[in-house]
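Peer 1: Residue numbers (my numbering): 2 to 325. Ideal Cβ placement from N, Cα and C applies to all residues, glycine included.
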């Protein structure tokens, strides 16, 4: 997809927004539009592997409304992608417990690697997301082999591939999304901008959404609200996770951008939502600017009982952050 076409489509969206809201989309009123909370099931990956049915039961009993799946893609003929269940079986289990799934994380390493671009996994996983009734097929991470070697050209290629994926997914009534960690916010010196900016500007808003992981963005030195205002309406999903107060140092920018993941990741510590350093209220107050539709609690590493952890996070979000 040409950069001119993307520009024209983005300009069209801005013009449409100005017609709908004469005061301008950039001055739209702040509003918290989030009234339900889901969970990214990666938080409970060990528990799901042991007993998927009891784990889903507990998620529902705590009060979560919806779940975001993650998927260990191995081969096109793999039939038990979800902890021993196929997509139809997982869908039935979720329905039994009145849980929805609007979004899933899917593995597209080959498809997003320059010199490869193989879309075999994409096609297979579009079918899986469609079977589950999801709306978003989300790329959770850049290609693993590139984590510490990502260049501006890599991000430009990823943006192009996301646009192509969005076109293909659209035929199945799906939209493609991209979920960040910290690599995307490293500065690319040859273009003097971040990989994340390259992807935001290089993707078609009608085809590609962004799932902002609040934890990783803030740890990388980014202000989520500033991102929302600079790119209104682009952030259809959030990962709601908290930063341990004892580990607030930034992990991107300056000399950090020269360090490897193995040097950076030991500085990362998570906390139950509401117990850490993230100021969630201001972020949620700007949900309408972000354009968020779905928000998911997630915690990559847990130091207490996992079900007690997700119950604490749910309780805080429900009592303090959801729209009344």
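State the DSSP-derived secondary structure class of residue 176, mapped to helix, strand or coil.
Peer 2: Taking the chain shown and counting its residues from 1, one reaches residue 176 at position 175. If DSSP states are grouped into helix, strand and coil, residue 176 belongs with the strands.
Peer 1: For residue 69, which beta-bridge partners are listed by DSSP?
Peer 2: Position 68 of the chain shown, counting from 1, holds the residue named residue 69. Paired residue(s): 41, 104.
Peer 1: For residue 223, count neighbouring Cβ atoms within 10 angstroms of its own Cβ and tell me buried if that reaches 16, exposed if not.
Peer 2: The residue given as residue 223 occupies position 222 in the chain shown. Buried: at least 16 other Cβ atoms inside 10 Å.
Peer 1: Taking the alpha carbon of residue 107 as the point to measure from, which residue in 85, 191, 179 has its own alpha carbon closest?
Peer 2: For the purposes of this step, residue 107 is taken as residue 106 along the chain shown, with counting starting at 1. The option with the nearest alpha carbon to residue 107 is 179.
Peer 1: Alpha carbon to alpha carbon, what distance is there between residue 193 and residue 164?
Peer 2: Position 163 of the chain shown, counting from 1, holds the residue named residue 164. Position 192 of the chain shown, counting from 1, holds the residue named residue 193. Roughly 23 Å separates the two Cα atoms.
Peer 1: Give me the Cα-Cα distance between residue 286 and residue 113, rounded to the nearest whole angstrom.
Peer 2: Here residue 286 refers to the residue found at position 285 of the chain shown. Here residue 113 refers to the residue found at position 112 of the chain shown. Those two C-alpha atoms are separated by around 34 Å.
Peer 1: What's the C-alpha gap between residue 101 and residue 51?
Peer 2: Counted from its first residue, the chain shown places residue 101 at position 100. Counted from its first residue, the chain shown places residue 51 at position 50. Each residue's Cα considered, the two are about 22 Å apart.
Peer 1: How would you write the range of the beta strand (DSSP E) that residue 296 sits in, first residue to last?
Peer 2: Along the chain shown, one-based indexing puts residue 296 at 295. Its beta strand (DSSP E) spans residues 295-298.
Peer 1: Do you know offhand how far residue 103's Cα is from residue 295's?
Peer 2: Sequence index remark: in the chain shown, residue 103 carries index 102 (1-based). Sequence index remark: in the chain shown, residue 295 carries index 294 (1-based). Cα to Cα, the separation comes out at about 8 Å.
Peer 1: Please report the Cβ distance between residue 32 and residue 253, rounded to the nearest whole angstrom; I am assuming they are in contact, meaning their Cβ atoms lie under 8 Å.
Peer 2: In the chain shown, residue 32 corresponds to position 31, counting from 1. In the chain shown, residue 253 corresponds to position 252, counting from 1. That belief does not hold up - the Cβ atoms of residue 32 and residue 253 are roughly 30 Å apart, past 8 Å.
Peer 1: Rounded to whole angstroms, what is the Cα-Cα separation between residue 280 and residue 132?
Peer 2: Translated into the one-based positions of the chain shown, residue 280 becomes position 279. Translated into the one-based positions of the chain shown, residue 132 becomes position 131. Distance between the alpha carbons of residue 280 and residue 132 is about 37 Å.
Peer 1: Using a 10 Å radius around the Cβ and a threshold of 16 neighbouring Cβ atoms, would you call residue 291 buried or exposed?
Peer 2: As a first step, residue 291 is located in the chain shown; it is residue number 290 there, counting from the start. Buried, because 16 or more other Cβ atoms sit within 10 Å of the Cβ of residue 291.
Peer 1: Under 8 Å, with one C-beta from each stretch per pair, do the segment 135-143 and the segment 88-97 reach the 3-pair mark?
Peer 2: Contact between the segment 135-143 and the segment 88-97 is absent, because fewer than three Cβ pairs lie under 8 Å.
Peer 1: Return helix, strand or coil for residue 34, following the three-state DSSP convention.
Peer 2: Locating residue 34 in the chain shown gives position 33, where the first residue counts as 1. Three-state result, residue 34: coil.
Peer 1: Express the C-alpha separation of residue 200 and residue 326 in angstroms, rounding to a whole number.
Peer 2: The displayed coordinates of the chain run from 2 to 325. Any statement about residue 326 would go beyond what the structure contains.
Peer 1: Assuming residue 127 contacts residue 175 under a Cβ cut-off of 8 Å, what Cβ separation, rounded to an integer in Å, is found between them?
Peer 2: Your numbering for residue 127 matches position 126 in the chain shown. Your numbering for residue 175 matches position 174 in the chain shown. Sure, about 6 Å apart at Cβ, within 8 Å.
Peer 1: When the Cα atoms are used, what is the spatial distance from residue 1 to residue 189?
Peer 2: Here the chain has residues from 2 to 325 only, and residue 1 is not among them.
Peer 1: In the DSSP assignment, find the unbroken alpha helix (DSSP H) run with residue 122 in it and report its ends.
Peer 2: The residue you call residue 122 lines up with position 121 of the chain shown. 121-133 is the extent of the alpha helix (DSSP H) around residue 122.
Peer 1: Would you tell me roughly how many angstroms separate the C-alpha atoms of residue 60 and residue 315, rounded to the nearest one?
Peer 2: Looking up residue 60 in the chain shown gives position 59. Looking up residue 315 in the chain shown gives position 314. Cα to Cα, the separation comes out at about 10 Å.
Peer 1: Check for me: the alpha helix (DSSP H) holding residue 318 runs from which residue to which?
Peer 2: The sequence position of residue 318 within the chain shown is 317, counting from 1. Looking at the DSSP string, the run of the alpha helix (DSSP H) that includes residue 318 is 307-321.
Peer 1: Could you have a look at residue 243 and say whether DSSP puts it in helix, strand or coil?
Peer 2: As a working note, residue 243 is residue 242 in the chain shown. Three-state DSSP puts residue 243 in a strand.
Peer 1: Measuring CB to CB, does residue 237 end up less than 7 Å from residue 210?
Peer 2: Counting from one through the chain shown, the residue named residue 237 turns up at place 236. Counting from one through the chain shown, the residue named residue 210 turns up at place 209. Cβ distance < 7 Å, so residue 237 and residue 210 count as in contact.
Peer 1: Between residue 84 and residue 53, is the Cβ-Cβ spacing less than 7 Å?
Peer 2: Your numbering for residue 84 matches position 83 in the chain shown. Your numbering for residue 53 matches position 52 in the chain shown. Yes, the Cβ-Cβ distance between residue 84 and residue 53 is below 7 Å.
Peer 1: Taking 7 Å as the threshold (C-beta atoms), are residue 278 and residue 244 in contact?
Peer 2: Within the chain shown, the letter at position 243 stands for residue 244. Within the chain shown, the letter at position 277 stands for residue 278. In this structure, residue 278 lies closer than 7 Å to residue 244 by Cβ.
Peer 1: Let me confirm a value: residue 191 is counted as buried when at least 16 other C-beta atoms fall within 10 Å, else exposed. Which label applies?
Peer 2: Position 190 of the chain shown, counting from 1, holds the residue named residue 191. Flag for residue 191 reads exposed.
Peer 1: Among 240, 216, 97, which has the Cα closest to the Cα of residue 270?
Peer 2: Numbered from 1 along the chain shown, position 269 holds the residue referred to as residue 270. The shortest C-alpha separation from residue 270 is found at 216.
Peer 1: Could you check the C-alpha separation between residue 311 and residue 48 for me, to the nearest Å?
Peer 2: Translated into positions along the chain shown, residue 311 becomes position 310. Translated into positions along the chain shown, residue 48 becomes position 47. For residue 311 and residue 48, the distance between alpha carbons rounds to 12 Å.
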